[in-house]
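Comments concern the structure below.
Protein chains in written order, with the working numbering: chain A, 21 to 229; chain B, 21 to 229; chain C, 21 to 229; chain D, 21 to 229.
Written out as structure tokens, the structure is:
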């Protein structure tokens with residue numbers, strides 16, 4: 021029977037969650053690994069050191085932003101996994117694709133940190149966030165259609181999850197568009213908007229999200 | 021009694037799963053870590069940057085392929101672990117050998133990404149995949165013989181797991197042979213075949229797998 | 021209903037613990053990754069090798085100190101997580117902020133190991149420890165106020181946790197002040213005080229902690 | 021009450037196991053990360069590549085040996101953790117010290133791989149293994165004395181665990197002594213002896229272990 025294998029694979033939400041936590045943990049720690057300590061030969065005093073560290077502030081901001089982004093998506097994914105009764109093979113693969121997007125994040129961040137003034141780099145970075153959002157949205161739609169949600173996930177909650185992903189992605193897209201003016205404006209906008217998702221603050225336009 | 025120690029070691033499927041998830045998570049994230057950001061001294065404009073990134077596309081393809089391969093084997097291993105009632109010392113060591121093959125994967129991938137046109141490198145890469153398949157096959161055969169399977173794993177399911185490993189390895193071996201023509205043909209074949217395993221699509225020859 | 025999403029996100033203490041264990045594991049292992057092996061071209065005999073390794077002793081001390089610090093905070097965080105009945109979105113984000121401070125620790129340690137005689141570097145390192153302490157203290161205060169503690173956590177225990185964080189941070193702050201004399205005195209003080217927290221020894225001033 | 025904090029910290033065997041699995045997973049994957057791919061500028065054909073890879077065989081052997089060693093100690097630690105009913109603060113710290121020894125293993129391995137013919141390096145490597153064994157032995161003795169073992173751990177099993185650690189360390193020490201002749205003899209001996217521990221084969225002298 022061809023489907024026999026399908027039935028025994030990809031059922032365990034717990035192991036999917038464990039793999040996800042592992043990949044998020046490695047990706048989030050590797051972000052900060054890229055903060056390089058200046059070579060001791062170049063540094064001849066406290067002044068040199070401070071100047072070098074101060075020069076790394078834009079990089080540091082990229083890392084904080086990426087750590088926060090990964091935190092937001094970790095929260096989003098775990099909210100989804102907590103809402104599923106079980107997994108199937110397709111859902112497993114949707115989440116492996118999601119984890120691929122997570123694992124590229126340190127690369128996108130390094131790229132952004134190295135070339136913070138380049139518009140194209142900001143577009144790549146935003147593309148990474150867009151991919152995270154698209155796959156997570158796809159995961160939710162698929163789980164609804166395939167009947168994998170817990171019974172206590174009401175229609176209202178289903179919509180809340182979808183609306184939230186869409187609004188967040190809309191704001192990220194708007195932020196990315198701001199790079200037409202200046203990449204720093206884009207990054208500033210994203211950094212200002214993120215705490216709203218993280219902390220659930222009620223900014224005017226977001227109170228109903 | 022000499023066997024006393026054997027009895028208290030290597031029983032816990034849960035910890036074996038946790039170690040596996042950890043090693044898979046690190047290996048899958050490290051893959052992408054090797055994507056280097058170009059040095060800022062070499063880049064004098066958006067054009068330079070795009071050209072450098074475009075030059076890294078073959079590398080990027082190697083990483084996507086390896087991430088997918090690891091995803092497939094993670095799924096395969098977890099399907100097995102979910103089918104065991106308990107572990108014993110031999111099974112633990114079979115899976116530690118499997119995890120060794122997983123941990124070499126970033127090395128094989130780096131080698132392939134660096135020397136994508138070399139036949140010998142493709143053979144090394146395929147050898148790594150073969151090792152993953154062999155050990156996983158050995159794990160399943162051993163578990164059947166040692167009576168470690170859950171009762172609800174029917175004879176049909178047992179065969180489905182074995183057949184799947186064999187067909188997959190047959191296709192990987194065929195793909196590796198294609199390097200007689202050209203290594204790009206090999207890689208193209210593997211990339212086209214993998215989604216079938218991942219998503220369970222029904223290609224003509226694979227519908228009964 | 022705006023709060024719908026808040027209700028389904030950030031509930032799972034288990035996944036928060038899993039992410040934390042992962043980030044601590046990666047950060048603690050990466051610490052030692054920075055211990056570089058001398059290049060074989062520079063080494064012409066056993067004498068050369070010993071001299072190079074002996075020169076790395078101050079670095080090694082920094083790593084041991086950081087590993088111990090992370091061990092102490094891992095213990096502190098897990099004691100808190102074990103005391104919570106559930107999480108909510110704010111608590112999740114407090115702990116993600118805590119994990120951010122954990123993930124910077126390898127950077128602070130590398131900085132300290134590279135510039136062990138610089139006062140400013142010691143202040144940065146202490147700032148990292150202070151951040152860990154502040155966020156952990158905030159987590160506990162928030163959990164009390166939001167009613168997230170288990171019922172068996174008595175008022176006495178609540179105070180024990182708070183007192184412990186405050187005394188530890190007081191000692192770390194005192195140690196950091198000692199860098200007015202010499203950074204080695206600071207580091208020596210911190211190394212001598214830490215086993216007290218780790219092993220619960222009863223030094224005169226700490227017996228009531 | 022001074023002991024209040026001691027009571028709420030360090031109780032959870034599960035989280036200790038999770039941290040351990042994480043650190044083992046990172047350490048075991050990082051081992052192989054050190055296998056460097058030759059720079060493409062140096063390689064002008066398949067012959068060059070094979071010669072460079074063949075030159076890395078002694079390094080590869082060091083990594084296989086370390087992976088196996090970590091696998092053996094992971095098994096040993098998990099057998100212990102499975103035998104405990106609960107943890108206490110001292111036991112937690114004994115295992116954090118054990119994990120420190122685990123996290124140095126990639127450094128010792130890199131050192132051995134780089135200077136495989138140096139007696140002093142082999143002594144450092146053996147010192148690392150000795151430390152792993154000592155701490156694990158200490159953990160078991162402490163757990164017996166503090167009454168942390170499960171009731172079904174008989175006196176016989178207690179002795180089996182101790183005997184096994186002592187015999188293994190005796191063999192490692194003997195292997196290290198062989199470096200008086202030649203470091204390759206040492207390494208050969210350790211590699212030949214390890215599968216016995218891994219697979220529980222019954223060599224003449226070890227059948228009663």
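We put the beta carbon where it would ideally sit given N, CA and C, even for glycine. Predicted, not measured: the structure shown is a model, and the values here were computed from it.
I'd like to check one pair, residue j with residue i: are the Cβ atoms closer than 9 Å?
i, j, result
"residue 82/A", "residue 119/A", "no"
"residue 36/A", "residue 46/C", "no"
"residue 199/D", "residue 143/D", "yes"
"residue 214/B", "residue 136/B", "no"
"residue 84/A", "residue 211/A", "yes"
"residue 107/C", "residue 32/C", "yes"
"residue 39/D", "residue 105/D", "no"
"residue 90/A", "residue 166/A", "no"
"residue 184/D", "residue 96/D", "yes"
"residue 54/A", "residue 129/A", "yes"
"residue 141/B", "residue 203/B", "yes"
"residue 100/A", "residue 159/A", "yes"
"residue 127/A", "residue 187/B", "no"
"residue 146/A", "residue 74/A", "no"
"residue 124/A", "residue 181/B", "no"
"residue 93/C", "residue 152/C", "yes"
"residue 138/B", "residue 189/B", "no"
Consider the Cβ of residue i: report whether some Cβ of chain D lies at a distance smaller than 9 Å.
i, result
"residue 123/B", "yes"
"residue 189/C", "no"
"residue 46/B", "yes"
"residue 135/B", "yes"
"residue 130/B", "yes"
Would you say residue i reaches chain B, if we count a Cβ-Cβ gap shorter than 9 Å as a contact?
i, result
"residue 78/A", "no"
"residue 157/A", "no"
"residue 85/D", "no"
"residue 145/A", "no"
"residue 24/A", "Only weak support exists for where residue 24/A lies, its pLDDT of 48 falling under 50; the value from the coordinates is given anyway. Yes, residue 24/A lies at the interface with chain B (some Cβ there is under 9 Å from its Cβ)."
Mapping the DSSP letters down to three states, classify residue i as helix, strand or coil.
i, result
"residue 87/A", "helix"
"residue 191/B", "helix"
"residue 101/B", "helix"
"residue 55/A", "coil"
"residue 151/C", "helix"
"residue 119/A", "helix"
"residue 168/A", "coil"
"residue 176/D", "helix"
"residue 110/B", "helix"
"residue 181/B", "helix"
Does residue i get closer than 9 Å to chain C when you measure Cβ to Cβ?
i, result
"residue 126/D", "yes"
"residue 113/D", "yes"
"residue 194/D", "no"
"residue 206/A", "no"
"residue 82/D", "no"
"residue 95/A", "yes"
"residue 203/A", "no"
Is it buried or exposed for residue i, if we count other Cβ within 10 angstroms and need 16 for buried?
i, result
"residue 177/C", "buried"
"residue 71/C", "exposed"
"residue 148/D", "buried"
"residue 77/D", "exposed"
"residue 66/B", "exposed"
"residue 195/D", "buried"
"residue 161/B", "exposed"
"residue 44/A", "buried"
"residue 228/D", "Any reading at residue 228/D must be qualified, since the residue scores a pLDDT of 37, below 50, and its modelled position is unreliable; the value itself is stated next. Per the 10 Å Cβ criterion, exposed."
"residue 68/C", "exposed"
"residue 87/A", "buried"
Cβ of residue i less than 9 Å from any chain A Cβ?
i, result
"residue 43/C", "yes"
"residue 71/C", "no"
"residue 38/C", "yes"
"residue 152/C", "no"
"residue 161/C", "no"
Quick check: does the Cβ of residue i come within less than 8 Å of any heavy atom belonging to the ligand MN?
i, result
"residue 183/B", "In the structure on display, the ligand MN does not appear, and there are no ligands present to speak of."
>> Using a Cβ distance threshold of 8 Å, determine whether the region 98-117 of chain D contacts the region 52-64 of chain D, with at least three qualifying pairs required.
In response: no
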